[in-house]
Amino acid sequence: MEILFATANRDKAVELGSLLSSLGIELRTLLDFPAAEQIEETGETLQENALLKAYAGFHLSGLPTIADDTGLEVAALNGQPGVYSSRYAGENATYADNVKKLLFEMKAVPSDERQARFVTVVAYVDKGLEIVASGEVLGQITHRSYGTSGFGYDPVFRVNETGMTYAEMGLAEKNKMSHRARAFNNLLIELHKQQQHQPQFKKWELPID
Numbered sequence: 005m006e007i008l009f010a011t012a013n014r015d016k017a018v019e020l021g022s023l024l025s026s027l028g029i030e031l032r033t034l035l036d037f038p039a040a041e042q043i044e045e046t047g048e049t050l051q052e053n054a055l056l057k058a059y060a061g062f063h064l065s066g067l068p069t070i071a072d073d074t075g076l077e078v079a080a081l082n083g084q085p086g087v088y089s090s091r092y093a094g095e096n097a098t099y100a101d102n103v104k105k106l107l108f109e110m111k112a113v114p115s116d117e118r119q120a121r122f123v124t125v126v127a128y129v130d131k132g133l134e135i136v137a138s139g140e141v142l143g144q145i146t147h148r149s150y151g152t153s154g155f156g157y158d159p160v161f162r163v164n165e166t167g168m169t170y171a172e173m174g175l176a177e178k179n180k181m182s183h184r185a186r187a188f189n190n191l192l193i194e195l196h197k198q199q200q201h202q203p204q205f206k207k208w209e210l211p212i213d
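Residue numbering for the sequence shown is 5 to 213, as defined by our numbering.
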């Protein structure tokens, strides 16, 4: 089955491609559509952005489309950067820029007050079908970067369940319990409920914890 993942972010595409590799899905991205314009994230919530991107991708390609939006919510920063996570340090910020700003904002916050959570909202859009699901992981913001894997805030988000940052995990390990993996697994659960009309989803199941 061919599905569009409405992103031009290569890191996200690699992570999702690995996550869905066992499901027999041919994943395409916006990188396969050179003429596609960048989809602006103008929503005020993760769900609004996920739906906006999913509908834009569906209208562009005519393919069943999935899209996600992810936010890092830090308790000491009143939930920031949240929906602005990818551009926390500015519109053209790099991963390193965002991490640097986050650590600067958190420099006076003691270790026992650095709670955070990663939340992913994923939307699936096809003809006559719209499904939204979410997943989250609780953790702590570290005082410095640890590990070299992953992308984004992975080096400074220590997962409560493992005691490691995402960047200290391999991709396979991360995909067993990440916020994105949980969101997509919850999406598949909702798709299973549609199996009377969407039988191709019947056998989809992700190997996550």
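Virtual Cβ for every residue (Gly too), placed ideally from N, Cα, C.
DSSP beta-bridge partners of residue i
| i | result |
| --- | --- |
| E134 | V129 |
| Q119 | Q144 |
| R184 | DSSP lists no partner for R184. |
| P85 | E77 |
| G139 | T124 |
| I70 | F9, Y128 |
| T169 | R162 |
| R32 | L8 |
Straight-line gap, residue i to residue j (C-alpha atoms, nearest Å)
| i | j | result |
| --- | --- | --- |
| E134 | L34 | 20 Å |
| E19 | L175 | 7 Å |
| L142 | K57 | 26 Å |
| T81 | A97 | One point to set straight first is that residue 81 is Leu, not Thr, in the sequence displayed. Computed Cα separation, rounded: 19 Å. |
| S153 | D15 | 11 Å |
| V136 | D72 | 9 Å |
| W208 | G167 | A caution first: W208 carries a pLDDT of 48, below 50, which makes its placement in the model unreliable, though a value can still be read off. Spanning the two alpha carbons is a distance of roughly 30 Å. |
| A171 | N179 | 12 Å |
| L27 | T124 | 20 Å |
| R32 | A112 | 43 Å |
| D101 | A93 | 6 Å |
| G75 | V103 | 13 Å |
| N13 | G151 | 21 Å |
| E194 | P38 | 32 Å |
| L23 | I43 | 23 Å |
| R162 | Y128 | 29 Å |
| Y59 | E41 | 14 Å |
Spatially closest choice to residue i from the options, by CA coordinates
| i | options | result |
| --- | --- | --- |
| R148 | F108, G174, G132 | F108 |
| V87 | Y59, E45, M110, D101 | E45 |
| R118 | Q84, S182, A39, R184 | Q84 |
| Q144 | V126, F122, S138, M181 | F122 |
| Q51 | K197, G139, S182, G21 | G139 |
| G66 | A187, E95, K131 | K131 |
| K105 | S89, A54, I29, D116 | S89 |
| D116 | F62, T146, E30 | T146 |
Residue range of the unbroken alpha helix (DSSP H) whose run includes residue i
| i | result |
| --- | --- |
| E52 | 50–65 |
| G175 | It is worth fixing the name first, because residue 175 is Leu in this sequence and not Gly. 175–179 is the extent of the alpha helix (DSSP H) around L175. |
N- and C-terminal bounds of the beta strand (DSSP E) containing residue i
| i | result |
| --- | --- |
| A80 | From DSSP, A80 is part of no beta strand (DSSP E); its letter is neither H nor E. |
| E109 | First-last for E109: 99–109, but that is the alpha helix (DSSP H), not the beta strand (DSSP E). |
| R14 | Careful: R14 lies outside any beta strand (DSSP E), inside the alpha helix (DSSP H) at 14–24. |
| I280 | Nothing in the structure corresponds to residue 280, since the chain is present only between 5 and 213. |
| L27 | It is not in any beta strand (DSSP E) - L27 carries neither H nor E in the DSSP assignment. |
| R162 | 161–163 |
Chain C contact for residue i (CB, 9 Å cutoff)
| i | result |
| --- | --- |
| D36 | No chain C is present in this structure, which holds just one protein chain. |
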